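Chemist: The structure is given below, and queries will be raised subsequently.
In full-length UniProt numbering, the protein residues as written are 1 to 243.
So this is what it looks like as structure tokens:
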């Protein structure tokens with residue numbers, strides 16, 4: 001990656017908590033299982049890896065941020081809700097060798113493994129099923145060493161749309177658990193980079209303020225998500241708050 005991302009260092013400020021959205025199919029596991037079932041078939045038939053959520057430019061900026069900020073190519077990097085594994089595939093191409101992608105959809109993991117193997121990267125990237133909202137699952141994947149970097153491109157957005165008991169209300173417990181899972185996955189010196197299309201930069205800072213301190217923001221122009229083009233996407237970098 002050659003172009004340097006525009007990153008502005010900032011101080012974290014707590015703001016009023018924004019309202020949640022109504023629950024959506026985008027927060028349901030069965031929806032994503034179905035999506036990745038289709039994408040597995042498409043990959044087998046055509047070699048197309050499927051949708052790159054928010055578009056390739058947004059993904060490229062996240063990869064560039066890692067390349068500019070994390071000099072150690074052996075740093076442990078976790079992509080939460082990795083989908084087809086696109087972010088980690090790009091990082092592997094840039095020389096990073098200690099990469100893990102997790103998703104709660106077994107179909108997503110099957111697709112990601114297939115794509116990685118087709119590119120000769122099956123031994124470089126580990127893809128594994130994980131319920132990121134389960135403390136036991138977080139501990140299992142993080143291990144004793146934990147991760148230097150945790151990445152999220154759209155996963156928190158989906159969790160914020162997760163239905164509670166199949167109703168119209170969102171599952172607030174899941175939303176509250178997510179930051180704790182990030183902290184449980186990170187080393188004390190680790191960093192968390194999240195991209196969202198549902199929340200602004202300031203809203204993300206406010207939502208994670210109790211657990212994490214904002215250390216940077218990546219600037220974007222537009223994004224593509226599920227075939228629709230929008231003008232608002234936010235990428236924010238965090239580190240653990242000192243105890």
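The beta-carbon is built from N, C-alpha and C at its ideal position, and this holds for glycine as well. Small disclaimer: the values here were computed from a predicted structure and weren't measured.
Do the CB positions of residue 58 and residue 232 come within less than 8 Å of each other?
Modeler: no
Chemist: Nearest-angstrom Cα distance between residue 158 and residue 27?
Modeler: 5 Å
Chemist: Can you find the residues in the same chain that come closer than 6 Å, C-beta to C-beta, to residue 244, ignoring five residues on each side of it along the sequence?
Modeler: There is simply no residue 244 to check, as the chain begins at 1 and stops at 243 in what is shown.
Chemist: Tell me the residue span of the beta strand (DSSP E) that contains residue 216.
Modeler: 212-218
Chemist: Which first and last residues belong to the alpha helix (DSSP H) in which residue 175 is found?
Modeler: 172-185
Chemist: Let's see if you can read the secondary structure: which residues bound the alpha helix (DSSP H) around residue 99?
Modeler: Element bounds for residue 99: not the alpha helix (DSSP H) but the beta strand (DSSP E), 99-103.
Chemist: Any idea if residue 46 is buried or exposed, counting beta-carbon neighbours within 10 angstroms, 16 or more meaning buried?
Modeler: exposed
Chemist: Rounding to the nearest angstrom, what Cα-Cα distance links residue 126 and residue 99 in this structure?
Modeler: 6 Å
Chemist: Find out if the Cβ-Cβ distance for the pair residue 105, residue 29 is shorter than 8 Å.
Modeler: yes
Chemist: If I follow the unbroken beta strand (DSSP E) through residue 153, where does it start and stop?
Modeler: It spans 147-153 - the beta strand (DSSP E) in which residue 153 sits, taken as one unbroken run.
Chemist: What's the C-alpha gap between residue 174 and residue 208?
Modeler: Distance between the alpha carbons of residue 174 and residue 208 is about 14 Å.
Chemist: Going by DSSP, which residues form a beta bridge with residue 141?
Modeler: Answer is none; residue 141 lacks a bridge partner.
Chemist: Mind checking which residues open and close the alpha helix (DSSP H) that includes residue 60?
Modeler: 56-69
Chemist: Does residue 28 come within less than 8 Å of chain D when only Cβ atoms are used?
Modeler: The structure shown contains no chain D; it holds only a single protein chain.
Chemist: For residue 211, which residues in the same chain have their Cβ closer than 6 Å to its Cβ, ignoring the five residues on either side in sequence?
Modeler: 179, 183
Chemist: In angstroms with no decimal places, state the Cα-to-Cα distance between residue 118 and residue 216.
Modeler: If I take the Cα positions, the gap works out to 35 Å.
Chemist: Since residue 110 is in the alpha helix (DSSP H), which residue starts that stretch and which ends it?
Modeler: 106-118
Chemist: In this structure, how does DSSP classify residue 136 when only helix, strand and coil are distinguished?
Modeler: helix
Chemist: Classify residue 29 as helix, strand or coil using the three-state DSSP reduction.
Modeler: helix
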